[in-house]
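Residue numbers (UniProt numbering): 1 to 70.
Working notes, structure below.
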């Protein structure tokens with residue numbers, strides 16, 4: 001069992017992707033503050049978020065794309 005814990009990770013294997021929903025605070029004006037729900041997905045080193053999961057499934061462009069590593 002101890003040998004299993006000491007195994008090196010397989011760096012050639014792609015990491016699993018993560019997906020879910022996030023809440024982002026909007027600050028469009030002083031009077032209009034609120035929270036907006038977005039669908040996000042992390043694939044390899046990219047974070048993409050969409051208005052809804054159906055937009056991702058339909059192949060639409062993400063609202064935003066961020067690279068997580070340099």
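Where is the CB? At the ideal position from N, CA and C, for every residue including glycine.
Taking the Cα of residue 55 as reference, the smallest distance to any Cα among 40, 18 and 27 is reached at 40. In this structure, residue 45 lies near residue 69, with their beta-carbon atoms less than 8 Å apart. In this structure, residue 24 lies near residue 36, with their beta-carbon atoms less than 8 Å apart. The secondary-structure analysis by DSSP pairs residue 26 across a beta bridge with 34.
Scanning its chain for C-beta atoms nearer than 6 Å, with the 5 sequence neighbours on each side dropped, one finds around residue 22 the residues 38 and 40, in chain order.
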